[in-house]
Structures are given as C-alpha cells and as structure tokens.
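Enquirer:
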Amino acid sequence: MHLTPEERARWNLKPGNGYYRVRLCSQACAIENQIFVALSGLVGYMPHIPQIDSGYCQAGIFAPCDYSFPADGILALGETNESMIATGKIDMEMLKENRERGQVFPAKDRRPEVYAKYAAQATFTKS
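Just so we're aligned: 114 in my numbering is position 116 of the sequence shown, and the numbers increase by one with no gaps anywhere.
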C-alpha cells in the first residue's frame, strides 16, 4: 500500500505499485489456502511520518476464485484512495463446502512430509 521515499528514489516506483503487489498476493492467498482475506491500508498524504509520505489503497474482502464464490473472488471493495470501511458477508459454511467439493483442492494436495523435512533442517538466528 504505501511507498516510502526510499522506494520511490531507488526503484522509481509510482503510487499504486506496492498496492497491486499486495492486492494480487492477497487474492492468491485466498485461492491457495482456501480462506477469506481482508485487505486494508493507509491512504492519503502523511508528511508527519518520515518513512511514509503517502498511502494508496483500496480495501477489499476476497474469497477463493472457485465454485460457489464470485468468479473473480471479490466479495467487497472499497473506493480507491478513500478513507472508508469495506464490508461484506462471509459464509463459513460455503467455505467449508468449497474445501470439500470445490474444483481445486490445494489443502488436500499438500504434502506435509515435505514441509516437515525442510522445517527440521531450518535454522533460525535471533537478530
């Protein structure tokens, strides 16, 4: 949602670039994990915050793009760059049905043994 002055200078990004990255990833998460995703962000100019000079966003609520949900996965959208609340209805029973009978089964296709192998090999350090 927002571009820092450093991001603008270093990567020549324009307002909205970061928003679309987050928006598309939010919609991908809804599909891949068969979950609802709510997106919110900062809008407007914020000169009193050094790392955030302006924010760009369009709030939304997303569902998997699959059987029983809208084809685009959009349950609700706010107005672009407006300070507001986007509201929508989510149906947990519909989500459960989607997980059981949807056209795509990402949860059933997962291979926990692969994740366990790599998790056991991972090392973490405190920063």
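Even glycine gets a Cβ: it sits at the ideal position worked out from N, Cα and C.
(1) Going by CA-CA distance only, name the one from ILE33, ALA114 and PRO45 that's closest to MET90.
(2) May I have the straight-line CA-CA distance separating ARG8 from PHE103, to the nearest angstrom?
(3) DSSP beta-bridge partners for GLY42?
(4) In whole angstroms, what separates the C-alpha of SER66 from that of PRO48?
(5) Under a Cβ-count criterion, where at least 16 other Cβ atoms within 10 Å of its own Cβ denotes burial, should ILE83 be classed as buried or exposed?
Expert: Answer, in terms of the structure:
(1) To locate residue 90, count along the sequence shown from 1; it is residue 92. Among ILE33, ALA114 and PRO45, the Cα nearest to that of MET90 is on ILE33.
(2) Translated into the one-based positions of the sequence shown, residue 8 becomes position 10. Translated into the one-based positions of the sequence shown, residue 103 becomes position 105. Spanning the two alpha carbons is a distance of roughly 40 Å.
(3) As a working note, residue 42 is residue 44 in the sequence shown. Paired residue(s): GLY53.
(4) Against the sequence shown, residue 66 aligns to sequence position 68. Against the sequence shown, residue 48 aligns to sequence position 50. Roughly 44 Å separates the two Cα atoms.
(5) Sequence index remark: in the sequence shown, residue 83 carries index 85 (1-based). By the neighbour-count rule (16 or more Cβ atoms within 10 Å), ILE83 is not buried but exposed.
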